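**Student:**
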Amino acid sequence: MYLLNLTFLQFAALFGSISALALALYLLDRSRRRQVVSTLRFWAAAGQPAAAARRRRIQQPWSLILQLAGMALLLLAIAQLHFGKPGPAARDHVLILDASAWMNARSGKGTLMDIARLRARQYIRALPARDRIMLVRADGLATPATPFEPDRAKLDAAILASHPGAMALNLDRALAFARHIQAQTGGRAGEIAFIGAGRTVESASPAPVPPNLRVILVPDAIQNCGLRRVGMRRSAADPDTWEIYVSAHNYGSEARNVTLTLDFAAAAGSGRLPVGSRTITLPPGADAEAGFRYHSASAGTVGVELLPHDPFPADDRAELEAPAQPVLPVTVYSGQPELLSPVLASNPRVSAVYRKPSEYRPDDRGLVVLDRFIPPVRPTADSLWIDPPASGSPIPVRQSIESARIVRWDGSHPIGAGLRTKDLRLERASIFEAAPDDAVIAAADAGPVIVARGGTPKIVVFGFHPSLSPMRYELATPLLFAGVERWAAPEVLRRWEIIGGGVGVVKLVVDEDYSPTGVKVAAADGTALPFTLRGRVLHFFSGAPGAVRVTAGDREYVYSLTLPEPWEARWQPPAGAARGIPRFVPSLDPSSDPWPLLAALGAAILTAEWILFGRGKRWDGRFRLFLRPGQAKPHARPVEVRR
Amino acid sequence: MPAPLLDREFLERLERLTLHWQKSFPGLVGGHNASRFAGAGQEFLDHRNFHHGDDLRAVNWRAYLRLEKLFMKMFQVEPRVPVRLLLDSSSSMLTHGGAKFDYARRLAGALSYVGLVRLDSVEIHAFHNRLGQRICSSGGRSRFPAVMDGLSAIEPGGRTDCVAVVREFIGGYSQRGLVIIISDFLDDNGCERALQYLADYGHELMLLQLWAEEDRVPPWTGELDLRDVETGADLKLNADESSRERYTRAFDEYCAALQALAVRSGGRYAGVPVSQPLENLIFGELIKVRGIA
């Protein structure tokens, strides 16, 4: 038996003070009652001697005993008397519930998460009632679901509301968070309990295991094979063909033969068509790859599926969004179209139309090539002026020189990227008067011979005709035209790479020719995602399934993060960690808390004392029949006298 | 508007009752109380000449035989004997919530109604240490509302002095008759002597003693500081069960003394607690003691 709110010494001091006060009041003038009566003549006849002014002894011992007993019971109720031995002081526990993607695997009739929820509820039931628990949902991140909470009902609700995420478990991070939060609360630290399967990502520097760790592992002897990565890009030889790369992993302990199927659903909504399948053998704990080729220029969704399904179906299928292959329209105004058709036809993503200068229209779209032709009205689209006459050149011609030698190319500009031909001698070339904002792509000794002007529309001016100069025999000619096309319409000629993978941290090695300022990482809804870029290695994090677009230079990477993040290792609990559901000192059941009973009993005793001995004695007539059955009835019949 | 003291159903039940006179008194009494004194009057006053239409029974036939003339004998007319109710309006009637005074007013009203229905004359006198308000009524039930108005207008209060009241009553009303006293008879000097004086004077007494439960069986024990509501006297005492029993015994002895006095003088007595319904008193106890027939 012990008191929860007071020590026995405090209780004795309080009760002694109250008792002394009650006794003093009792002995002074506590119960003298003033009463107005009709007459005093019968009281005088009753012959009772008058009372002393102050009592010297207790004349109503039962009244005093009842008062003291009632007050003692009330004081015990306030002090929260409990029977048995006092339990330990309340502690703060952290319950780490594994909410990684792997917990979605089926085991028996439910999932691993169902088992983990059950274990978590058993754990909080086993803890003493006064202990507080913080529930932390752990996957790649450690997310507290509740504060340190003593209410088991709230904890139950939070546990039931926990569902597996899409990331792998980062247990080191969760344990570090738990230790930190226990240290921050300032209370008495309890246990750090981990409940889950323990399939974690590899950690380069494992965190030290806390000494108060308790491990409640969820058994997961599950054979699983799953997709780890899917890559898709346009073929360099045939832009209408997708080259698809699939990597699968066997997480189990037995080799399995699986079938990888490929299907495609056009954006127009004509249904999903199977387009290929391949059977591969997955050794235990190893990867296997397979490649597919699929010819389609239209946009759609490519689905890759691993069959047969297993108890963890989340990594059995991946879907990638395949964008349409865009084409750059080029309109050539030339009297000698055969001079330009070879370089324009070399790029399959360019659709060239050749017209005579007399057929000129200023509202052409895409790129307009003006071959030694000055239109009456400048085109509204981007334009390439080839050896324009000096009278109408958009960039003023300073002079026309003979036997000009190109001495410098601007490799940093997209048009001049990769061009290094320096021994090229031109029979004739126009030297332009470039403005300060103009980019000089190529320059001879006398001045710029190729100038690019940005803005809207973009303008590129050649001071010579590449096909009428010795340059026509150089590789630089198609590269120069390709550079012009890519500079004029980078979004059309951008190279696509589509990767299907798992959520979490994504690592990407970008091309060498990227501009750090031009790197963008955006989610499917267009919101920018934070990323880090160290050299050519780009890292970004996505905690939820979805698409992420990374733009770097002329290349765009589309990540379809529909697969769960793969786990890489199975965590082995340390030998010193406690295991299983604990058995603490029997917790205090609030329903057995006797203070309400004590309070009611104390109040009842005080009320009874008041009725029997106090001011409430005026009701005595009603109760006296029960209390003193032998006494005369108050409602007596009229007095009768026999005549 | 205060609630009526007596409701209509109760009054209708009262109409078949009659105030019962134990004695006969000279004079006219109403209702069904027969007097042993015959004629409209008993005292001879004078003679007068006979006129047509006079009652032949009043002719002095002896004078006619002697004088051969018709002479009428004239008698002194006897006054009507009223029923007198003395209603205690002292402060003691107000203790313990004033139930005694309310009960007394209702009882007085009911008895007045019984008398009025039987064509009695009813006089109600409130009293404490002297006679107070007087309410006179006769002539049937139609006069009853005035009686109730008068009862409602009585202002209670004051100290009881039965001797002074009886002395004033006898001095003011020499005609003997039925006197109904509704009171708690709680006079520190006692009421026995005054009531005996009243009975000896020739009145027929009907004593209706009322008490509250606390008057007879005090519910208090322990240390008490008692104050007399009329005199203001204080009495400090320790009350226990034995003292309470002695108190009740003394009270009962006083009631018995009053009853003995009433019976001894040819009157009637009824003592009732005010917790008893008025209907039970009138149709039970008063009929039993022949106060009402």
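So the sequence lines, in the order shown, correspond to chains W and F.
The numbering of the first sequence is the numbering used here, which starts it at 10 and goes up by one.
The numbering of the second sequence is the numbering used here, which starts it at 427 and goes up by one.
Note that beta-carbon positions come from the ideal geometry of N, C-alpha and C, so glycine has one too.
Being a predicted model, the structure only gives us computed values, none of them experimental.
For D641/F, return the contacting residues in chain W, with the cut-off set at a CB-CB distance below 9 Å.
**Tutor:** Those within 9 Å of D641/F in chain W are V46, S47, T48 and F51.
**Student:** State the Cα-Cα distance for the pair L30/W and A81/W, rounded to the nearest angstrom.
**Tutor:** Rounded to whole angstroms, L30/W to A81/W spans 13 Å at the Cα level.
**Student:** Output yes if chain W places a C-beta closer than 7 Å to the C-beta of A460/F; else output no.
**Tutor:** Note on A460/F: pLDDT 48, under 50, position unreliable in the model; no value is reported.
**Student:** Which same chain residues, not among the five before or five after A399/W, have their C-beta less than 6 Å away from its C-beta?
**Tutor:** Closer than 6 Å at Cβ, skipping near neighbours: V406.
**Student:** Would you verify that the beta carbon of D480/F is, or is not, closer than 7 Å to some beta carbon of chain W?
**Tutor:** Answer no: the Cβ-Cβ gap between D480/F and chain W never drops below 7 Å.
**Student:** Would you list, in chain order, the members of the stretch 502 to 536 of chain F that have their beta-carbon closer than 7 Å to a beta-carbon of chain W?
**Tutor:** From the stretch 502 to 536 of chain F, only S518 and T521 have a Cβ closer than 7 Å to chain W.
**Student:** Closer than 8 Å by C-beta to D446/W: which residues in its own chain qualify, once you throw out the five before and the five after it? Chain order, please.
**Tutor:** Closer than 8 Å at the Cβ level, and outside the excluded window around D446/W, lie R462 and G463.
**Student:** Under the DSSP definition of a beta bridge, which residues are partnered with A299/W?
**Tutor:** Bridge partners of A299/W: V255/W.
**Student:** Using DSSP's beta-bridge definition, name the partner residues of K529/W.
**Tutor:** DSSP output for K529/W lists T560/W as bridge partner(s).
**Student:** Between R631/W and D660/F, what straight-line distance do the alpha-carbon atoms span, to the nearest angstrom?
**Tutor:** At R631/W the pLDDT is 41, less than 50, meaning the model places this residue with poor confidence and gives no usable figure here.
**Student:** Would you check if there are 3 or more beta carbon pairs closer than 8 Å linking the stretch 607 to 620 of chain F to the stretch 672 to 690 of chain F?
**Tutor:** Contact holds: three or more Cβ-Cβ distances are below 8 Å.
**Student:** Taking 7 Å as the threshold (beta carbon to beta carbon), is R672/F in contact with chain W?
**Tutor:** R672/F counts as touching chain W.
**Student:** Which same chain residues end up closer than 7 Å to V650/W when comparing Cβ atoms and leaving out the 5 residues on each side of it in sequence?
**Tutor:** Per-residue confidence for V650/W stands at a pLDDT of 30, beneath the threshold of 50, marking its modelled position as unreliable; no derived number is given.
**Student:** When the Cα of H477/F is compared with those of D546/F, K499/F and K526/F, which residue comes out closest?
**Tutor:** H477/F has its Cα closest to that of K499/F, out of D546/F, K499/F and K526/F.
**Student:** Between the stretch 350 to 364 of chain W and the stretch 479 to 493 of chain W, can you find at least three pairs of beta-carbon atoms closer than 8 Å?
**Tutor:** The stretch 479 to 493 of chain W is in contact with the stretch 350 to 364 of chain W.
**Student:** Which residues mark the beginning and the end of the beta strand (DSSP E) in which I596/F is found?
**Tutor:** No beta strand (DSSP E) contains I596/F, which is instead part of the alpha helix (DSSP H) from C588 to G598.
**Student:** Given R372/F, which residues of its chain have a CB within under 8 Å of its CB, disregarding the five upstream and five downstream residues?
**Tutor:** Nothing can be reported for residue 372/F, as the shown portion of chain F is limited to 427 through 719.
**Student:** So which residues of chain F does Q76/W contact, with C-beta pairs closer than 7 Å?
**Tutor:** None at all; the shortest Cβ gap to chain F is about 14 Å.
**Student:** Tell me, to the nearest whole angstrom, how far the beta carbon of R130/W is from that of S171/W; I am working on the premise that it is less than 8 Å.
**Tutor:** That pair is no contact at about 11 Å.
**Student:** Helix, strand or coil for R670/F? Go by DSSP, reduced to three states.
**Tutor:** Looking at R670/F - three-state DSSP - the assignment turns out to be helix.
**Student:** Name, please, each residue of chain W whose Cβ falls closer than 7 Å to the Cβ of D654/F.
**Tutor:** Those within 7 Å of D654/F in chain W are V46, T48 and L49.
**Student:** Return the CA-CA distance between S563/F and D651/F, expressed in angstroms with no decimal places.
**Tutor:** Taking the straight line from one Cα to the other gives about 44 Å.
**Student:** Within 7 Å (strictly less), CB to CB, does L634/F reach chain W?
**Tutor:** No, because no Cβ of chain W sits closer than 7 Å to the Cβ of L634/F.
**Student:** Once the 5 residues before and after L23/W are set aside, which same chain residues still bring their CB inside 7 Å of it?
**Tutor:** Closer than 7 Å at the Cβ level, and outside the excluded window around L23/W, lie L84.
**Student:** Hey, is A625/F's beta-carbon within less than 7 Å of any beta-carbon in chain W?
**Tutor:** No, its Cβ sits nowhere closer than 7 Å to a Cβ of chain W.
**Student:** Per DSSP, which residues does K382/F bridge with? Please list them.
**Tutor:** Absent from the model: residue 382/F. The displayed extent of chain F is 427 to 719, so no value can be given.
**Student:** So which of D480/F, R569/F and G584/F has the shortest CA-CA distance to N555/F?
**Tutor:** It is G584/F whose Cα lies nearest to the Cα of N555/F.
**Student:** Would you mind sorting N706/F into buried or exposed? The rule is 16 or more other CB atoms within 10 Å of its CB.
**Tutor:** Its Cβ having fewer than 16 others within 10 Å, N706/F is exposed.
**Student:** Going along chain W, which residues have a C-beta under 7 Å from G648/F?
**Tutor:** Going along chain W in sequence order, the residues near G648/F (Cβ under 7 Å) are S40, R42, Q69 and F622.
**Student:** Relative to the C-alpha of L512/F, which residue among E711/F, L663/F and E594/F is closest?
**Tutor:** Per the Cα distances, E594/F.
**Student:** Is I415/W near V460/W, with beta carbons less than 7 Å apart?
**Tutor:** No, they are not a contact pair.
**Student:** Does DSSP classify Y627/F as helix, strand or coil?
**Tutor:** Helix.
**Student:** Cα separation between S256/W and E314/W?
**Tutor:** Straight-line Cα distance between these residues: approximately 11 Å.
**Student:** Give me, in chain order, the residues of the same chain whose beta-carbon lies closer than 8 Å to that of R128/W; leave out the 5 immediate sequence neighbours on both sides.
**Tutor:** Same-chain partners within the cutoff: I204, I225, V227 and I590.
**Student:** Take the Cβ of F553/F as the centre, count every other Cβ of all protein chains shown within 10 Å, and call the residue buried at 16 or more, exposed below.
**Tutor:** Buried: at least 16 other Cβ atoms inside 10 Å.
**Student:** Taking only three categories from DSSP, how would you classify T657/F?
**Tutor:** It is coil, neither helix nor strand.
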